[in-house]
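With our numbering applied, the sequence shown closes on residue 519, and no number is skipped along the way.
A virtual CB, placed ideally from N, CA and C, is assigned to each residue, including glycine.
Remember, predicted model here, so these are calculated numbers, not experimental data.
First comes the structure, then the notes that go with it.
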Amino acid sequence: MSVMSSLGISADEPGACSGPKAWHAADGAERLESRNPATGEFLGSVRCAGAEDYARVLRSAQDAALAWRLVPAPKRGEMVRQIGEALRAHKDALGSLVALEVGKIKAEGDGEVQEMIDMADFAVGQSRMLYGLSMHSERPDHAMRELWHPLGVVGVMSAFNFPVAVWSWNAFLAAICGNATVWKPSPKAPLTAIAVQKICNAVLERCGAPPVFQLLVDGPANALAQRLVDDPAVALLSFTGSSRVGREVAMRVAGRFGKCLLELSGNNAIIVAQDAALELAVPSIAFGAVGTAGQRCTSTRRLLVHRSREAALVSALASAYAQVRVGDPMDPATLMGPLIDAAAVASFEAVVAAALAEGAELVCGGKRLPGPGHFVQPTIFRARNDMACVQQETFAPILYVMPFDTLEEAIAMNNASRFGLSSALFTSNLRSAEHWLSAAGSDCGIANVNIGTSGAEIGGAFGGEKETGGGREAGSDAWKAYMRRQTSTVFHGERPVLAQGIEFRLPG
Ligand code: UN1
């Protein structure tokens, strides 16, 4: 059976869904054509949602949230558990669709679905652990505690590079917390979103649950995204994408006092110290810089290496890169697939030209590969940290190598970035490692030791500082973002007293 038919996807799908039996979008609607970035082959088309679909989805999501908040959280978790099971059953096909639609190698496509399954398992456990604190009151016969309640409707705007996993980080926690989620997927990956919606719909229907997962495939003009940003019915908006767009989203959502979760750009560095084990560092750098063709927000873009190890590391990387097979993502021998589209190839070429003009020295790569498909060579430059090309996030497999002399200097270089997502130090020295993790070390949301910058597990809170946006998603206590906190004081005595010793007696 083909990937499409096993996921129930036809050649022309409606792009709005407000319930298992409620797929809609006007016949004459604008269509997104999904094409395989490795071959240009047509995969399917999706009719974009319009203003009427938006209204229908939002109404349905609001109704679903009102019903769902009354369902006990562990029962909500049971629904998510069944989604995890359904994803296990569809892992191979959905992983292949991720590979076909966004060009990830098949192993990474499957890994992305595994990340969803892990997130479902995590959320099931969390559904029994929506803990609030209880406090000892300063007054006799008073009890104080915190209660956590659902927010209502959560909007999720996801990016092409993790077309389904990042939605699941948000949607599964939002669901166990008692919310309904409206998903606006990337216009570059509408089919994976439709496939996931279908998988979830079957479970929602079987469980008799309200439609807590809803879908809006927006057109390239982002008209519905704009509405989601400004809609007071959307209590929390989770946005994954560039810092440029994230800044606008954040300001507009703040303007209506909505809540925002931002997962934005990164410019992640690996530091290779004088005492690092190169046999550990080289594969991690290669996976970080070349994996997903450099299109992860956690991709390794800067390599800071102790001057004494620079020659050895660059030559080891150049030979590792020579063995990276670039090509068909479905071929198990391939390690790097294509970039997402022609615009991404053009921006790769523009940045390579700008780097050369700034005086960066090309070590390997630097060229696009002949089509069909949006392929480029994995690329290494020797550069300086203050070059404009080095300080920007380019979603492509470009790695800038820069030498340093002291660990302090390397930490300062790591932190000299507008972004603060992921970072890593390779060292065999305990004191260096602990210093790196101390308040005087990395300023990023993720700081690793002897592990690369990308490929985080879902169990930790994921996100970063500065222009990365400050949001935290997935594991740890990220669930709290999807709930509102209520502080409650109950009096159970005879003689009430005011706090702070205030006397307030009515006469008589
Ligand atoms: C992203 O690129 O938006 O840590 C998310 C990682 C993945 C998630 C990346 N687990 O690389």
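Cα-Cα separation between residue i and residue j, rounded to whole angstroms
i: residue 74; j: residue 244; result: 11 Å
i: residue 250; j: residue 237; result: 12 Å
i: residue 211; j: residue 56; result: 21 Å
i: residue 388; j: residue 408; result: 8 Å
i: residue 15; j: residue 44; result: 15 Å
i: residue 269; j: residue 483; result: 17 Å
i: residue 405; j: residue 391; result: 13 Å
i: residue 231; j: residue 198; result: 6 Å
i: residue 462; j: residue 139; result: 32 Å
i: residue 309; j: residue 154; result: 45 Å
i: residue 460; j: residue 281; result: 9 Å
i: residue 342; j: residue 71; result: 42 Å
i: residue 109; j: residue 316; result: 34 Å
i: residue 509; j: residue 264; result: 37 Å
i: residue 7; j: residue 80; result: Outside the shown range of the chain (12 to 519) lies residue 7, about which nothing can therefore be said.
i: residue 320; j: residue 201; result: 45 Å
i: residue 448; j: residue 442; result: 10 Å
i: residue 160; j: residue 124; result: 29 Å
i: residue 414; j: residue 479; result: 25 Å
i: residue 422; j: residue 490; result: 31 Å
i: residue 176; j: residue 294; result: 24 Å
i: residue 424; j: residue 208; result: 43 Å
i: residue 364; j: residue 382; result: 20 Å
i: residue 114; j: residue 47; result: 7 Å
i: residue 13; j: residue 291; result: 39 Å
i: residue 358; j: residue 410; result: 15 Å
i: residue 227; j: residue 434; result: 34 Å
i: residue 473; j: residue 220; result: 29 Å
i: residue 334; j: residue 204; result: 34 Å
i: residue 368; j: residue 402; result: 15 Å
i: residue 465; j: residue 99; result: 24 Å
i: residue 38; j: residue 31; result: 20 Å
i: residue 224; j: residue 492; result: 18 Å
i: residue 40; j: residue 481; result: 37 Å
Cβ-Cβ separation, residue j to residue i (assumed contact under 8 Å), whole Å
i: residue 193; j: residue 166; result: 5 Å
i: residue 60; j: residue 229; result: 7 Å
i: residue 471; j: residue 432; result: Contact doesn't hold; Cβ gap of about 13 Å is too wide.
i: residue 497; j: residue 157; result: 7 Å
i: residue 118; j: residue 349; result: Between residue 349 and residue 118 the Cβ distance is about 16 Å, and since that is not below 8 Å, they are no contact.
i: residue 394; j: residue 366; result: 7 Å
i: residue 189; j: residue 84; result: 7 Å
i: residue 289; j: residue 337; result: Actually they are not in contact, since the Cβ atoms of residue 289 and residue 337 sit about 24 Å apart, beyond 8 Å.
i: residue 54; j: residue 105; result: Residue 54 to residue 105, Cβ: 14 Å. No contact.
i: residue 7; j: residue 436; result: Because the chain is modelled from 12 through 519, residue 7 falls outside the range shown and cannot be assessed.
i: residue 254; j: residue 430; result: 7 Å
i: residue 302; j: residue 275; result: That pair is no contact at about 20 Å.
i: residue 438; j: residue 287; result: 6 Å
i: residue 396; j: residue 371; result: The pair is not a contact, with the Cβ atoms about 11 Å apart (cut-off 8 Å).
i: residue 513; j: residue 130; result: Between residue 130 and residue 513 the Cβ distance is about 48 Å, and since that is not below 8 Å, they are no contact.
heavy atom of ligand 1 below 7 Å from residue i C-beta
i: residue 307; result: yes
i: residue 172; result: yes
i: residue 56; result: no
i: residue 126; result: yes
i: residue 472; result: no
i: residue 465; result: yes
i: residue 311; result: no
i: residue 476; result: no
i: residue 177; result: yes
i: residue 119; result: no
i: residue 251; result: yes
i: residue 274; result: yes
Complete runs of the alpha helix (DSSP H) confined to the stretch 16 to 100 [at least 4 residues]:
Those alpha helix (DSSP H) runs which fall completely within the stretch 16 to 100 and span 4+ residues are 62 to 79.
Curious, which full-length alpha helix (DSSP H) runs of at least 4 residues does the stretch 306 to 353 contain?
321 to 333
Just to confirm the assignment: which complete beta strand (DSSP E) runs, minimum length 3, are found wholly within the stretch 344 to 428?
Within the stretch 344 to 428, the runs of beta strand (DSSP E) at least 3 residues long that lie entirely inside it are, in chain order, 372 to 375, 390 to 393, 409 to 415.
Output the residue ranges of the beta strand (DSSP E) runs that lie fully inside the stretch 165 to 250 and measure 3 residues or longer, sorted by chain position.
191 to 195, 224 to 227
Going along the chain, which unbroken runs of the alpha helix (DSSP H) with 4 or more residues stay wholly within the stretch 433 to 495?
441 to 448
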